[in-house]
Amino acid sequence: MDNQVLIAFGLTLLAGLSTGIGSAIAFLSKQTNKVLLSVSLGLSAGVMIYISFVELLAIAFTDLASQFGETVGQVYTVLSFFAGILFIMLIDFLVPEKENPHEPLGVEDAKVSKKPLEHADLKRVGVITALVLAIHNFPEGMVTFLSGLKSIGVAIPIAIAVAIHNIPEGISVSIPIYYATGDKKKAFWTSFASGLAEPIGALVGYLILAPILNDTLMACLNAVIAGIMVYISLDELLPTAAKYGKHHHSILGVVLGMALMAFSLIIL
């Protein structure tokens, strides 16, 4: 179990730090490959949606039904699923709409204007975006980590999907800070730090839940995780994918993500 805890935490750490990849892309690329990013975000959504409905909810229902009977088990599964949606929705509602970090930015946006804009305002946008992303990344870290405690085979594709999701977020943090300060290091490390909320979320989740973790709680958490991932996919990933590219690009990514997840579950 100790080894599984370390692996689950390592996956969460890698997923969170992928915000740094987005920041690096902003500085190394001259232009965003929007088609690739759109397909990748759609793929991430496809992975999350498929694994939520086919794997996590199925596991939750099977485990709860074996403990409480089919009807009660189904009720607990459904309640846990929507509890996950309400939890992540509440976090979204607590964030002012104008500070929403999921408005897509391309790396070229850092070079659009040479006018003496309000640099302090731009810096504020970047810093607030980093803080907002940290709030969003906290439950995502718990999702990745807790899924790793249940099954490394399930956690790996979730971690990959979350990592892809974090790349454009890293761009969204680094671009305004870089343009406001002209300091690439400050922009990179601010973006990088926002991703640390995921391993912190994993650590907090483990410290709080580990002493009371049992089969019933783990089954309910699987359904909660499914709800969180479905909401993230529908509210963040797919709209962002559509804005980066054409509608068919994002849908292609969704189908590819579902296919990848389906075959991965068969192999694993």
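Okay, so the sequence shown: first residue is 462 according to the working numbering, each after it adds one. Beta carbons: idealized from backbone N, C-alpha and C, even for Gly. Note that the coordinates shown come from a computational prediction; the quantities given were computed from them, not determined experimentally.
Whole-number beta carbon distance between residue j and residue i, since they are thought to touch under 8 Å
i      : j      : result
Asn683 : Ala521 : 4 Å
Ala622 : Val508 : 4 Å
Pro600 : Gly688 : Going by Cβ atoms, the distance from Pro600 to Gly688 rounds to 11 Å, so no, they are not a contact pair.
Ala476 : Ala624 : 5 Å
Asp553 : Asp644 : Actually they do not touch by this definition, with Cβ atoms about 30 Å apart.
The alpha helix (DSSP H) enclosing residue i, as first and last residue numbers
i      : result
Gly503 : 495-511
Gly477 : 463-477
Asn675 : Where Asn675 is concerned, there is no enclosing alpha helix (DSSP H), given that its DSSP letter is neither H nor E.
Glu531 : 531-554
Ser655 : 645-655
Leu698 : From DSSP, Leu698 is part of no alpha helix (DSSP H); its letter is neither H nor E.
Helix, strand or coil at residue i according to DSSP, with G and I counted as helix
i      : result
Gly718 : helix
Ser711 : helix
Ala571 : Note that Ala571 scores a pLDDT of 48, beneath 50, so its modelled location is shaky and nothing firm can be said.
Gly688 : helix
Gly602 : helix
Ser725 : helix
Gly662 : helix
Ser635 : helix
Gly481 : helix
Gly614 : helix
Gly609 : helix
Leu578 : Any reading at Leu578 needs caution, since the residue's pLDDT is 44, under 50, leaving its predicted position unreliable; the model's value is listed next. Coil, per DSSP.
Contacts around residue i, its chain only, beta-carbon distance under 6 Å, and the 5 residues preceding and following it disregarded
i      : result
Cys681 : Ser541
Ala506 : Ser694, Leu698, Leu699, Val715
Ala648 : Ser635, Ile638, Tyr639
Ala702 : Ser499, Leu502, Gly503, Ser711
Leu525 : Gly534, Tyr537, Thr538, Ala680
Gly718 : Leu504, Gly507, Val508
Close Cβ partners of residue i (< 7 Å) along its chain, the five nearest in sequence each way excluded
i      : result
Pro725 : First, the amino acid is wrong: residue 725 is Ser here, not Pro. Contacts found: Pro618.
Ile468 : Gly609, Ile613
Phe653 : Leu478, Thr480, Gly481, Ser484
Leu472 : Thr605, Gly609, Ala616, Ile617, Ala620
Val657 : The residue asked about is misnamed: residue 657 is Leu in this sequence, not Val. Here the set comprises Gly477.
Lys611 : Met679, Asn683
Leu713 : Val500, Gly503
Asn733 : The requested residue 733 does not occur in the structure, where the chain is confined to residues 462 to 729.
Top-ranked residue by Cα proximity to residue i, from the options
i      : options                        : result
Pro660 : Leu478, Gln465, Asp463         : Leu478
Met722 : Leu472, Ser513, Ile712, Leu474 : Ser513
Phe470 : Gly602, Ser655, Ala654         : Gly602
Thr677 : Leu475, Thr538, Gly483         : Thr538
Asn598 : Leu518, Asn627, Lys611         : Asn627
Glu516 : Met690, Phe554, Met550         : Met690
Val466 : Gly666, Lys646, Pro629         : Gly666
Leu607 : Ala671, Tyr692, Lys646, Ile632 : Ala671
Contacting residues, own chain, Cβ-Cβ under 8 Å from residue i (five flanking each side not counted)
i      : result
Val685 : Ser541, Phe542, Ala544, Gly545, Phe548
Ser527 : Gly534
Leu518 : Thr538, Phe542, Asn683, Ala684, Ala687
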